[in-house]
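Working notes for the structure below.
There are 2 protein chains.
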Amino acid sequence: MNKIITISREFGSGGRELGRRLSEILGIAYYDQEIITEIANRTKLAEQYVDQIVEKQPLVSFPIHIGRTLYPVPNPVLEQRQSILLQHHQIIREMAQKSDCVIVGRCADYILKDFSPFRIFVYAELESRVARCSSRCTENEKYSEKELRQKILSVDKKRAKYYNSYTGQCWGDILNYDLCVNTSQQGIKKFSCMIAGMFEQIK
Amino acid sequence: MNKIITISREFGSGGRELGRRLSEILGIAYYDQEIITEIANRTKLAEQYVDQIVEKQPLVSFPIHIGRTLYPVPNPVLEQRQSILLQHHQIIREMAQKSDCVIVGRCADYILKDFSPFRIFVYAELESRVARCSSRCTENEKYSEKELRQKILSVDKKRAKYYNSYTGQCWGDILNYDLCVNTSQQGIKKFSCMIAGMFEQIK
């Protein structure tokens, strides 16, 4: 079976960078935004729209028309959402079947449960995440520390809501991961090398 | 500065075994019960008594004798406890100064904060911990699953109480560790090799 590493991460913790570096050092595939692009290709929907759906709560309830009928009636928006979620699930499984890979986010740890992926959760102290986000802001994106803190907590809240709803598990609960990595004190570059070293042992 | 790895662990998660294996693979010192033995040697107190004190809540309050005086009066039991806690602190720092090492438990992550240790927390699902404890019971120690579960939760509670009281931090809060390792699915032998591989990268 292929070596699958899934990465869940708190916003601003550097989980995406850690995943990318890990895939480069190990010389294996890396999937992140590529998943959204592929869903958009297959469903012929705009990438931005797909991204929005995959970030939202995935639970789909059938519309009930009071006084008319209890049977579901065709609803194009609902059908689009269902199609996106179906592709999301299918594409991640296809990627895992193809070769060894690192997959960032998108509930891959849950979708690939039967592949026994190595599940990593990347986190950091809030102050460290604020500093990281601040250093990555461009000239046109000037946020105060307070605004960055709010943005970080708000993105985490959305990720948790999506993950909990999709998986029935609790986002960030350490029991859902094999390894939790705190990037507050160790640099991400150094940590990526260290974690790659773990996988070199089980080649 | 020496490479110091501290290991905190949930009861039954195999943290002690992981620490011992890690020290063997890396060829560095390992301290666990050795700390208690050394405190007992220096204080001339029984090892079992020292062990009991180091597992208890370390906060020492002065006895107040109502109606007599508010000044502390000599109290041999209190003095013994203070001496044990002082030695505990001192011995751990001496060990860290001596050479690279793995130190299991005993708030070493907190005591050695200024040594920037690499702080590992080892945990596992309760069912996996029950199975591990059960497989290690001797013929004379037959516990039911329910009893084992109670024992595990009770030991964790004591560890948390001691750690929280000694450090003012929260035992098991992932922000207090650099790496959290879930031994439920990966074997401890394999995981020890993998983690050793991390440190081989930064030699």
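Taken in order, these protein sequences are the chains called A and B.
As numbered in this note's numbering, residues 1 to 203 make up the first sequence, in order.
As numbered in this note's numbering, residues 204 to 406 make up the second sequence, in order.
A virtual CB, placed ideally from N, CA and C, is assigned to each residue, including glycine.
Would residue i and residue j qualify as a contact pair, given that the criterion is a beta-carbon distance under 7 Å?
i: VAL204/A; j: LEU153/A; result: Within the shown structure, residues of chain A are numbered from 1 to 203, placing residue 204/A beyond reach of any answer.
i: GLN186/A; j: ASP381/B; result: yes
i: THR370/B; j: TYR313/B; result: yes
i: ALA108/A; j: THR43/A; result: no
i: SER192/A; j: ARG21/A; result: yes
i: LEU315/B; j: ILE239/B; result: no
i: VAL307/B; j: ASP235/B; result: yes
i: CYS383/B; j: CYS180/A; result: yes
Am I right that residue i and residue j are in contact with their C-beta atoms under 8 Å? What's the rounded C-beta distance?
i: GLY15/A; j: VAL122/A; result: 3 Å
i: GLU241/B; j: ILE294/B; result: 5 Å
i: ALA196/A; j: LEU78/A; result: With a Cβ gap of about 43 Å, ALA196/A and LEU78/A do not count as contacting.
i: ILE405/B; j: LYS190/A; result: 7 Å
According to DSSP, simplified to helix, strand and coil, what is residue i?
i: SER211/B; result: strand
i: ILE181/B; result: As shown, chain B starts at 204 and ends at 406. That puts residue 181/B outside it, with no answer to give.
i: ALA29/A; result: strand
i: CYS383/B; result: strand
i: TYR110/A; result: helix
i: TYR166/A; result: helix
i: ILE355/B; result: helix
i: ILE120/A; result: strand
i: GLU342/B; result: coil
i: LEU248/B; result: coil
i: ILE202/A; result: coil
i: ARG223/B; result: helix
i: LYS206/B; result: coil
i: GLN186/A; result: coil
i: ASP173/A; result: coil
i: SER347/B; result: coil
i: PHE265/B; result: Confidence at PHE265/B is low in this model, with a pLDDT of 44, below 50, so the placement of that residue should be treated as unreliable; the coordinate-derived value is given next. Residue state, collapsed to three classes: coil.
At a cut-off of 6 Å, would you count residue i as near the ligand HEM, judging by its Cβ distance to the nearest heavy atom?
i: ALA196/A; result: Summarising the ligand content, the structure contains no ligands, and the ligand HEM is consequently not present.
Determine the burial state of residue i: buried for a count of at least 16 other Cβ atoms within 10 Å of its Cβ, exposed for fewer.
i: ARG136/A; result: exposed
i: SER116/A; result: exposed
i: GLU342/B; result: exposed
i: SER264/B; result: Low local confidence applies: a pLDDT of 46 at SER264/B is under 50, so the model's placement there is unreliable, and no value is given.
i: GLN150/A; result: exposed
i: ILE120/A; result: buried
i: ILE64/A; result: In this predicted model, ILE64/A has a pLDDT of only 45, less than 50, meaning its place in the structure is not dependable; the value taken from the coordinates is given anyway. Classification for ILE64/A: exposed.
i: MET194/A; result: buried
i: GLN251/B; result: exposed
i: SER347/B; result: exposed
i: MET401/B; result: buried
i: CYS373/B; result: exposed
i: SER211/B; result: buried
Which residues in the same chain have their Cβ closer than 8 Å to the Cβ of residue i, if we skip the five residues on either side of it in sequence?
i: ALA29/A; result: SER23, MET95, LYS98, SER99, ASP100, CYS101 and VAL102
i: ARG106/A; result: ILE35, VAL54, HIS88 and ILE92
In its own chain, which residues sit with a C-beta less than 6 Å from the C-beta of residue i, not counting the 5 before and 5 after it?
i: LEU221/B; result: VAL325, ILE391 and SER395
i: PHE118/A; result: ILE5 and ASP178
i: ALA243/B; result: GLU250 and VAL253
Given residue i, which residues of its chain have a CB within under 7 Å of its CB, disregarding the five upstream and five downstream residues?
i: ASP156/A; result: GLU10 and PHE11
i: LYS361/B; result: GLU258
i: ILE127/A; result: Reading off the sequence shown, one finds Glu at residue 127/A, where the question assumed Ile. The answer is none, since no qualifying residue turns up.
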